[in-house]
Amino acid sequence: MNKRLINILVPLISIVLGLIIGAIVMAASGFNPIDGYAALWNGIFMDSYTLGETVRQITPYVFSGLAVAFAFRTGLFNIGVEGQLIMGWLAAAYVGQAFELPAIIHLPLALIAAAVAGALWAFIPGLLKAKLQVHEVIVTIMLNYTALHVANALIDVISGGGERTEKIHATASLRSEFFQSITDYSRLHWGFVLALIAVMVMWFILEKTTRGYELKAVGFNKHASQYAGMNVSKNIILAMVISGAFAGLGGAMEALGTFENMTKLHASTGIGFDGIAVALLGANQPFGVLLGAILFGSLKYGGLNMPSEAGVPTEIVSIVIALIIFFVASGYVIRLALERLSKRKEVK
Amino acid sequence: MEYVIEMLGIRKQFGDFVANDNITLQLKKGEIHALLGENGAGKSTLMNVLFGLYQPEAGTIKVHGKEVKITDPNVANKLGIGMVHQHFMLVENFTVTENIILGAEPTKMATINIKDASKKVQELSEKYGLNVDANAKIEDISVGMQQRVEILKTLYRGADILIFDEPTASLTPQEITELIQIMKRLIEEGKSIILITHKLKEIMDVSDRVTVIRKGKGIGTVITAETNPNQLAELMVGRQVVFKTEKKEAQPKDVVLQIDKLVVADNRGIDKVKGLNLSVRAGEIVGIAGIDGNGQSELIEAITGLRKVKEGKITLNGQDITGLKTRKITESGLGHIPQDRHKHGLVLDFPIGHNIALQTYYQAPISKNGVINYKKVSEIARKIIEEYDVRTGHGESSIARSLSGGNQQKAIIGREINRNPDLLIAALPTRGLDVGAIEFIHKRLIEQRDKGKAVLLISFELDEVMNVSDRIAVIYDGSIIDTVFPNETNEQELGLLMAGQSLQENGNKVGGENE
């Protein structure tokens, strides 16, 4: 079997296997798997509205996936994407509602505010790691909780004791009448274009720039980087900050596109944590992250349709979706099996 | 003649790559049998086959004349085969006895019977003259002593065939002499030894016979007494090898590196370099001889800006570089072949091409407006790969990790020399490499000198220091205790100096510092 064929077969077989095992789980729990998957399909592709909503759901996953992947590629494990995303969300929502400016200034300003907020929130673990060798995993986990409660407290202040911030001005919104008209008034917004640009930006930084070379070198081997005269501390902080900026922009998608405000959160959004899975699905490659986010976002959104249309409870839906993702992520095992199989054939 | 081990026609293949091709090795009872070959020739593979870690595709193994199948290391242990690994497998904060019994703990009523074990270890140590304290902690004993613990470990398990894998790689000259004594003692007590090495001198000193392998093929077995180092090297490399590197008289010119009263502390804050003075001129190679741990690492790190200078002054080309950042020092004309090529020399997960740009990636012509021209990087890399004969699987896009040690080192040397530095620091540049690569590297160092560059060589190998240097500075306890010329000294004298004895008593010249 040649390599190219294996490369195409692996993801296909993974998805099919995931679907089969998911079907078994559904059947064993007394639900019709065909109805279930039909509902999942319809939940993703049924009409222009669902399609628009699916794309909308994918958008923040692209950003959180890029944030995690960028950190991984530069030798850091940023579990704090969740917190950075919340801070970005809040910053964008605040700038969106607090200022009255022309759109050409207002929207970019709100986006920049989100990126800066995420970056600042990531700067803290970066600084602690670079200067005091505190492990970024611990700090970022703790900062997720901190971000949640700080954001809630600030929403309280901004809204004067309310549950949510005011709706952002239209000048800061990512929504577009054009997209709404072609998708039957879904919440599809310009964010997916920004997500595609972000994919390109990450690729460009890592693969083309001097800075990207340095960030990767420091991530792979601190000692050799030091020997080569690179500033290790600065690069660790910068890697965290760039990762945080991607996360913050993910928050802006919610603030300026999906919800156009920010409501107090009772728990994590999950987008940041799911970003870890998205990054791993995409093998930490920018274009891989895009594909991972498409799979993840589609299943997440399509799954919402399963309880109502096929009567499959949300718990089972979560298990089925997790199984599909699990099999895609364990593509390595399938690759190994395929290679063994083809080897055995050769021997015969 | 009785053979204790016979490996006949062994073939071991990994995919398409044949690591061992029809190799035969026969070990007589009571002999020291050297296994000689370049890095990557297949020595370790062959020994791993014997030790049960690999299964051969063809060939037979006989122990005491009986054909055996060694399926795993436990089988090898039972057959009385013990391996003294190159990288010691010891638990640092355990005692000698605890390490030795690890995995085969003798128990007494469900508790470890450490007392009897320690007595047995002590007895074994005395019997073979190993001089090891059974109750000492590993972290408190020297490297040479740790190796003897490894030897004890195999003896404790009843081994009578010992495999030594590159045993002298990390030892001082004195420790090597002691090890040779121990090996001879083991033979007297009826053991047989296979010695894996690529150091010809040791083979000549200690072995009875030598089996040579080259590129996975058995070249033959010769009797040590009937051969000489030149012949062995030729068998190993497949061509004539020059040992005494040919070089012209040095033509030292202006001082390039000047170090005055340098004091440098280690990570724990203890002074390791204590008021050291040294100078290196253009067109000369200064060798620093000394036992590991006398301040060499701290000295290099201070010169290269990787470690803070506590006191003193370092000038390079007349410019004060004390306390400057590494990059500034590199830019002012320093090349550095680091002592640990994996830790400092390379980003192992980068392609070798990217590694070649490690210090120049941000400069023209590679970088322009913050964007790297990877085509240019490949171009430079290809040139260095060709010029320095770096053997790679996929050219400049091969991942650095996949290259053999010698080729990694050649790439680093190519990178450093290609930047055309005025001062080249070569720290243990040939550690772990075979004669072919060593010869190549020495030639390159001398070439730099002949081009009028200054070279500072740090080495634990006396041969290397004597052979390559124009001037030898002996470092002891953080300062240069004497400077000698290679043609006016010998190994004994250097050995004494390295042990901290000044030559005053012998009526030789004394100098706390050079110049």
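Heads up: the protein sequence lines correspond to chains A and B, in order. Residue numbers for the first sequence follow the UniProt record's numbering, so the first one is 1 and each next one is one higher. Residue numbers for the second sequence follow the UniProt record's numbering, so the first one is 1 and each next one is one higher. Idealized CB from N, CA, C, for every residue including glycine.
Inset, instruction - Note down the Cα distance separating A224 (chain A) from V81 (chain A), rounded to an integer number of angstroms. - result: 28 angstroms
Inset, instruction - Identify the contact partners of F99 (chain A) in chain B, using a Cβ-Cβ distance below 9 angstroms as the criterion. - result: Chain B residues near F99 (chain A): none, gap ~32 angstroms exceeds 9 angstroms.
Inset, instruction - Measure the Cβ-Cβ separation of P60 (chain A) and I271 (chain A) and say whether it is below 9 angstroms. - result: yes
Legend entry - Reduced DSSP secondary structure (H/G/I, E/B, other) of E6 (chain B): strand
Inset, instruction - Check whether the segment 206-219 of chain A touches the segment 45-56 of chain A, taking contact to mean three or more Cβ pairs, one atom from each stretch, closer than 8 angstroms. - result: In short, these stretches do not touch, since the Cβ pair count stays below three.
Legend entry - Environment of M200 (chain A) [buried if 16+ CB atoms lie within 10 Å]: exposed
Inset, instruction - Please look up how many angstroms separate the CB atoms of R444 (chain B) and I412 (chain B), rounded, as I've assumed it's under 8 angstroms. - result: Contact flag wrong, Cβ pair sits at about 11 angstroms.
Inset, instruction - Using the DSSP secondary-structure output, state which residues sit across from E311 (chain B) in a beta bridge. - result: B:V263.
Legend entry - Alpha carbon of G88 (chain A) to alpha carbon of A252 (chain A), nearest angstrom: 6 angstroms
Legend entry - Inter-residue Cα distance where the pair is A437 (chain B) and I294 (chain A): 52 angstroms
Inset, instruction - Could you have a look at F485 (chain B) and say whether DSSP puts it in helix, strand or coil? - result: F485 (chain B) falls in the coil class under three-state DSSP.
Inset, instruction - Could you please give me the residues that DSSP links to F70 (chain A) through a beta bridge? - result: The partner list for F70 (chain A) (beta bridge, DSSP) is empty, contrary to what the question assumes.
Legend entry - G405 (chain B) versus A228 (chain A) - alpha carbon distance: The alpha-carbon separation between G405 (chain B) and A228 (chain A) amounts to approximately 20 angstroms.
Inset, instruction - Pick out whichever of B:Q339, B:L433, B:A302 has its Cα sitting closest to the Cα of N39 (chain B). - result: B:L433
Legend entry - Contacts around L155 (chain B), its chain only, beta-carbon distance under 6 angstroms, and the 5 residues preceding and following it disregarded: L124
Inset, instruction - Tell me, to the nearest whole angstrom, how far the beta carbon of D450 (chain B) is from that of K248 (chain B); I am working on the premise that it is less than 8 angstroms. - result: 7 angstroms
Inset, instruction - Run the CB neighbour count on V289 (chain A), radius 10 Å, all protein chains shown included, and call it buried at 16 or more, exposed below. - result: buried
Legend entry - Selection from B:Q492, B:G495, B:A473 that minimises the alpha carbon distance to F485 (chain B): B:A473
Legend entry - Closest by C-alpha distance to V255 (chain B), when choosing among B:S118, B:G283, B:L235: Comparing C-alpha distances from V255 (chain B) to each of B:S118, B:G283, B:L235 shows the shortest one belongs to B:G283.
Inset, instruction - Indicate whether at least one CB of chain A lies closer than 9 angstroms to the CB of A357 (chain B). - result: yes
Legend entry - Candidates A:V134, A:I112, A:S318, of which the one nearest Y301 (chain A) by Cα: A:S318
Legend entry - Interface residues of the segment 207-222 of chain A facing chain B [CB-CB below 7 angstroms]: K208, T209, T210, R211, Y213, A217, F220, N221
Legend entry - Same chain, Cβ closer than 7 angstroms to K215 (chain B), five either side skipped, listed in chain order: Around K215 (chain B): A41.
Inset, instruction - Reducing DSSP to helix, strand and coil, say where L338 (chain A) ends up. - result: Residue state, collapsed to three classes: helix.
Inset, instruction - Return the chain-ordered list of same chain residues with a C-beta closer than 8 angstroms to the C-beta of N514 (chain B), the five sequence neighbours on each side being excluded. - result: Residue placement at N514 (chain B) is poorly supported in this model, since its pLDDT is 42, which falls under 50; the coordinates still yield a value, given next. Once the five neighbours on either side are set aside, the close Cβ partners of N514 (chain B) are N277, L278, S279, R471, A473, I480, T483.
Legend entry - chain A contact residues for R327 (chain B), given Cβ-Cβ distances below 7 angstroms: G229
Inset, instruction - Could you tell me whether the Cβ atoms of T322 (chain B) and L306 (chain B) are closer together than 9 angstroms? - result: no
Inset, instruction - Between the Cα of A71 (chain A) and those of A:D35, A:I276, A:V193, A:S308, spot the shortest distance and give me the residue it belongs to. - result: A:I276
Inset, instruction - Measure the C-alpha to C-alpha separation of K115 (chain B) and L403 (chain B) and round it to an integer number of angstroms. - result: 47 angstroms
Legend entry - Within 9 angstroms, strictly: CB atoms of A153 (chain A) and I86 (chain A): no
Inset, instruction - Determine, using beta carbons only, whether T50 (chain A) and S186 (chain A) come nearer to each other than 9 angstroms. - result: yes
Legend entry - Backbone secondary structure at K43 (chain B) - three-state DSSP: DSSP, read as helix, strand or coil, puts K43 (chain B) in helix.
Inset, instruction - Could you have a look at N144 (chain A) and say whether DSSP puts it in helix, strand or coil? - result: helix
Legend entry - CB of I70 (chain B) within 9 angstroms of CB of L50 (chain B), strictly: yes
Legend entry - Pairwise C-alpha distance: A322 (chain A) and F296 (chain A): 10 angstroms
Inset, instruction - Give a yes or no on contact between the segment 182-196 of chain A and the segment 299-317 of chain B, applying the rule of three or more CB pairs nearer than 8 angstroms. - result: no
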